[in-house]
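Chains as they are written, first to last, in my numbering: chain V, 22 to 362; chain B, 22 to 362.
Think of the CB as a built atom: it goes at the ideal place given N, C-alpha and C, for glycine as much as any other residue.
As the structure is a prediction and not an experimental result, all values here were calculated from the model.
A quick write-up on the structure given underneath.
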DNA sequence: TCAGGTTGTGACAGCGATGTCAATCTCAAA
DNA sequence: TTTGAGATTGACATCGCTGTCACAACCTGA
């Protein structure tokens, strides 16, 4: 390990001066600075993070605690977004995936404390209320994709209501008047919020919201698991005499099953039926034939924004600390929705 | 921050004794130990990681460098597996996602150095040769899902050949004699290895390998991107007069498109056609109707094994440091393949 | 009773960095 | 020439922890 002292000896200056160069302290003669910088490069000196952290009693590392987010195809982009945000601040990230286990979570909070992380981004797989169960953490905490039931922390969540609105609005603009909905499990907050979005768009377009045309595509079992029943839901909708010309889906998996149901009934997408996904999981949306028009969950942006808020909380960046940011869900148009008549 | 000294003062012992208790040093009187432990708990003392690390000049943190692995639905499980392995060693993980950018990668190597990580797991999205371009890193490095062209590092990779064998073998055991293959891009190592597996299984089953029945489902563009052409490939195969009774896919996305092609031609799965996926991406395999039989890429195991090897390299665990571990790809049977005859 | 362990505990130094404060040097105005 | 302000630089202590070593208290067996 090359240390400050080594560099200082080599350069014939005091360690403190090297430290100044490393930290861009302006109070260094330009000549000295250049000479020292050169030696630093030549010797491959890298400042020891531990020593620095100890001296300054705070770390440049941020903790990312996730329930299952780092592990599901849905929402890994939160991780990427968080990292992108941190990179701009020359920071890095300790990641802790709890798999939803309380005990592990406790352990990792301790670990974050031991590492004196500069803050924590707490991300969840689903948009849901989060109960942190750690009241005594001294550093900033920002919730990503979840929100504090007790409003004790700032949160960054997708604008599900807007997303629902966007889905419906797009179909209405294409001329659809009978729109079916195969939604997520009714217990999810996203379902409620998007429902509100649908209604707003429907009202604006002069459509009536018909509850008979909304069917859950996922059903939550008593044990907490979920069953995907979108295929049957879709068959039900599509066999109606007044079958919808378009279906809004709660996510892209539901859309996949709608494609399957349409194929079963000999309906062609988008000629006989338009399908609108949610999430924009590219593995699905770009693999389906025709490719699926969807509304994206802005996970990357959510992660990035969470980092922003965090540095505001810590007072490192200017800007207000808002209690909640809603990140818009953009429409991604592909080939599964067609213009009517 | 509660420090050792605080605890020591409170307990009326020396800091060193508290340190001993924290580190389970047996040379502490049982009474003293109990008393101190109690005070530690009461004061919520958490040992400062930075100080410890500085004193002991090595960290309990391992670096995980990925190209895009943390961000793709394919392979996030490497992250989980790595974490699971580390957790058993009471270690944690700094994560660095390079998005394939050399410059970022350099930055993160520096960062790992600064953090004095105990080792690095270098994971890639595809099973491929990796060129680390960092010859002077002092700590152990293990490659996950990739391998060193210069054999300079140990690696943990999926057993693609075995996976291919498993795919073919299962279909042959079900009585299929004409088996089509829609493979990944021919430039991938996985494609070559699995091809070998197919041939072995075919030979064992007394089948002839017919090159006309193997078509790429992905095509690599000159710009490096990939086009998914499995749908057309499948149509080609399925329109042949001697159409195969089963198709082996290079991954589950290909399988999705095969389902679409089959639907187009009015073929029912599995009655008219059996389909065998690869990867076992549950978002796809469990959403398709019927659910897709697939061979899993053991990403979790790969991550976990990489950690194992790492601690062997570092001499923390007994066991040989093998140059390469091939992790088997298990068969996951669902409903897309049927018994013939 | 005493030499020679064994056990339990503490004093002290030092890991590598930086904040504090003082020392030195330069230059221009008095 | 003197003086004060500003620019550069360095000496030193210190962050929280643990390795080393010394020391006291207590055994053990001859």
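*Using a threshold of 9 Å, state whether the C-beta atoms of residue 16(B) and residue 103(B) are closer than that.*
Residue 16(B) lies beyond the stretch modelled for chain B, which goes from 22 to 362, so this question has no answer here.
*Compute the beta-carbon to beta-carbon distance between residue 101(V) and residue 118(B), rounded to the nearest angstrom, for a pair I have assumed lies under 8 Å.*
Sequence index remark: in the first chain, residue 101(V) carries index 80 (1-based). Sequence index remark: in the second chain, residue 118(B) carries index 97 (1-based). The Cβ separation is near 6 Å, so the contact holds.
*Buried or exposed by the 16-neighbour rule on C-beta atoms within 10 Å, applied to residue 22(B)*: Along the second chain, one-based indexing puts residue 22(B) at 1. Exposed, by the Cβ-count rule.
*For residue 86(V), which residues in chain B fall below 9 Å Cβ to Cβ?*
Residue mapping note: residue 86(V) aligns to position 65 of the first chain, counting from 1. Correct list: empty, because the minimum Cβ distance to chain B is about 12 Å.
_Which same chain residues end up closer than 8 Å to residue 61(B) when comparing Cβ atoms and leaving out the 5 residues on each side of it in sequence?_
Position 40 of the second chain, counted from the first residue, corresponds to residue 61(B). Excluding positions up to five away in sequence, the list reads 28, 39, 42, 43.
_DSSP-derived helix/strand/coil call for residue 204(V)_ = Looking up residue 204(V) in the first chain gives position 183. Note: residue 204(V) maps to strand in three-state DSSP.
*Alpha carbon to alpha carbon, how far is residue 177(B) from residue 362(B)?*
Looking up residue 177(B) in the second chain gives position 156. Looking up residue 362(B) in the second chain gives position 341. So the two alpha carbons sit approximately 40 Å from each other.
*What does residue 335(V) touch in chain B if you count any residue whose Cβ is under 8 Å from its own?*
Indexing the first chain from 1 puts residue 335(V) at position 314. Correct list: empty, because the minimum Cβ distance to chain B is about 17 Å.
*Look at the alpha carbon of residue 248(B) and the alpha carbon of residue 317(V), and state the distance between them as a whole number of angstroms.*
Within the second chain, numbered from 1, the residue matching residue 248(B) stands at position 227. Within the first chain, numbered from 1, the residue matching residue 317(V) stands at position 296. Roughly 22 Å separates the two Cα atoms.
*Spatial distance of residue 149(V) from residue 144(B) (CA atoms)*: Looking up residue 149(V) in the first chain gives position 128. Looking up residue 144(B) in the second chain gives position 123. If you take the alpha carbons of residue 149(V) and residue 144(B), they lie about 31 Å apart.
*CA-to-CA distance, residue 270(V) to residue 307(B), given in whole angstroms*: Within the second chain, residue 307(B) is the residue found at index 286, counting from 1. Within the first chain, residue 270(V) is the residue found at index 249, counting from 1. Straight-line Cα distance between these residues: approximately 17 Å.
*Under 9 Å between C-beta atoms, does residue 269(V) make it to chain B?*
For the purposes of this step, residue 269(V) is taken as residue 248 along the first chain, with counting starting at 1. Judged by the 9 Å Cβ criterion, residue 269(V) is not in contact with chain B.
*Tell me whether the beta-carbon of residue 252(V) lies closer than 9 Å to the beta-carbon of residue 279(V).*
Taking the first chain and counting its residues from 1, one reaches residue 252(V) at position 231. Taking the first chain and counting its residues from 1, one reaches residue 279(V) at position 258. Yes; because the gap between Cβ atoms is below 9 Å, this pair is in contact.
_Contact list for the stretch 53-68 of chain V against chain B, Cβ threshold 7 Å_ = 67, 68
*So residue 317(B) is in the beta strand (DSSP E); what residue range does that whole segment cover?*
Mapped onto the second chain, residue 317(B) falls at position 296. Where residue 317(B) is concerned, the enclosing beta strand (DSSP E) stretches over 314-317.
*Exposed or buried, what is residue 338(B) when buried is set at 16 or more other beta-carbons lying within 10 Å of its beta-carbon?*
Here residue 338(B) refers to the residue found at position 317 when the second chain is read from its first residue. The residue is exposed, with fewer than 16 neighbouring Cβ atoms inside 10 Å.
*Under 7 Å by beta carbon: chain V residues contacting residue 252(B)*: Indexing the second chain from 1 puts residue 252(B) at position 231. Under the 7 Å cutoff, chain V gives 310.
*asked:* Please classify residue 68(V) as buried or exposed, where buried requires at least 16 other C-beta atoms within 10 Å of its C-beta.
replied: Mapped onto the first chain, residue 68(V) falls at position 47. Classification of residue 68(V): buried, given that the 10 Å Cβ count is 16 or more.
_Report the start-end ranges of each beta strand (DSSP E) in the stretch 103-191 of chain V that is 3 residues or longer and not cut off at the edges._
113-118, 140-151, 161-169, 175-179
*Taking only the alpha-carbon atoms, compute the straight-line gap between residue 26(B) and residue 120(B) and give it to the nearest angstrom.*
Translated into the one-based positions of the second chain, residue 26(B) becomes position 5. Translated into the one-based positions of the second chain, residue 120(B) becomes position 99. So the alpha carbons of these two residues sit roughly 44 Å apart.
*Put residue 24(V) into one of helix, strand or coil per three-state DSSP.*
Start at 1 with the first residue of the first chain, and residue 24(V) comes out as number 3. The answer is coil: DSSP assigns residue 24(V) none of H, G, I, E or B.
*What does residue 305(V) touch in chain B if you count any residue whose Cβ is under 9 Å from its own?*
As a first step, residue 305(V) must be located in the first chain, where it is residue number 284. What residue 305(V) touches in chain B: 274, 277, 304, 305, 308.
*With DSSP collapsed to three states, give me the class of residue 235(V).*
Walking along the first chain from the start, residue 235(V) turns up at place 214. Reduced to three states, the DSSP call for residue 235(V) is strand.
*For residue 325(B), decide whether its Cβ has a neighbour in chain V, counting only Cβ atoms nearer than 9 Å.*
Position 304 of the second chain, counting from 1, holds the residue named residue 325(B). It does not; no Cβ of chain V falls within 9 Å.
*Which stretch, first to last residue, makes up the alpha helix (DSSP H) that contains residue 253(V)?*
Along the first chain, one-based indexing puts residue 253(V) at 232. Its alpha helix (DSSP H) spans residues 251-259.
*Quick one: which chain V residues come within Cβ less than 9 Å of residue 115(B)?*
Start at 1 with the first residue of the second chain, and residue 115(B) comes out as number 94. By Cβ distance, chain V contributes 82, 113, 114, 115, 116.
_Tell me which residues of the stretch 120-147 of chain V have at least one Cβ-Cβ distance to chain B shorter than 7 Å, keeping chain order._
131, 132, 134, 135, 136, 137
_Please give the ranges of any beta strand (DSSP E) in the stretch 67-92 of chain B, keeping only runs that are unbroken, at least 3 residues long and fully inside the region._
82-87
_Measuring straight from C-alpha to C-alpha, what distance separates residue 326(B) and residue 139(B)?_
What you label residue 326(B) is simply residue 305 of the second chain in a count that begins at 1. What you label residue 139(B) is simply residue 118 of the second chain in a count that begins at 1. Whole-angstrom Cα-Cα distance: 16 Å.
*asked:* Whole angstroms are fine: how far does the CA of residue 99(V) sit from the CA of residue 24(V)?
replied: For the purposes of this step, residue 24(V) is identified with residue 3 of the first chain, where counting begins at 1. For the purposes of this step, residue 99(V) is identified with residue 78 of the first chain, where counting begins at 1. Their backbone Cα atoms lie some 36 Å apart in a straight line.
*Have a look at residue 110(B) and residue 328(B) and give me their C-alpha separation to the nearest angstrom.*
In the second chain, the residue the question calls residue 110(B) occupies position 89. In the second chain, the residue the question calls residue 328(B) occupies position 307. Going by the C-alpha atoms only, they are around 10 Å apart.
*Take residue 184(V) and list the residues in its own chain whose beta-carbon comes closer than 7 Å to its own, dropping the five residues that flank it on each side.*
Here residue 184(V) refers to the residue found at position 163 of the first chain. So the list reads 215, 218, 299, 316, 350, once near-sequence residues are dropped.
*Neighbourhood of residue 182(B) by C-beta, 6 Å cutoff - its chain only, sequence neighbours within 5 removed*: One-based indexing of the second chain puts residue 182(B) at position 161. If we look at residue 182(B) and ignore the five residues flanking it on each side, its Cβ neighbours are 214, 217, 218.
*Taking only the alpha-carbon atoms, compute the straight-line gap between residue 228(B) and residue 259(B) and give it to the nearest angstrom.*
Position 207 of the second chain, counted from the start, is the residue given in the question as residue 228(B). Position 238 of the second chain, counted from the start, is the residue given in the question as residue 259(B). Answer to the nearest angstrom: the Cα atoms are 19 Å apart.
_Residues of its chain near residue 31(V), where Cβ-Cβ distance is below 8 Å and the 5 sequence neighbours each way are ignored_ = Taking the first residue of the first chain as 1, we reach residue 31(V) at position 10. Excluding positions up to five away in sequence, the list reads 60, 64.
_Element boundaries [alpha helix (DSSP H), containing residue 61(B)]_ = Here residue 61(B) corresponds to residue number 40 of the second chain, with the count starting at 1. 51-64 is the span of the alpha helix (DSSP H), which, as asked, contains residue 61(B).
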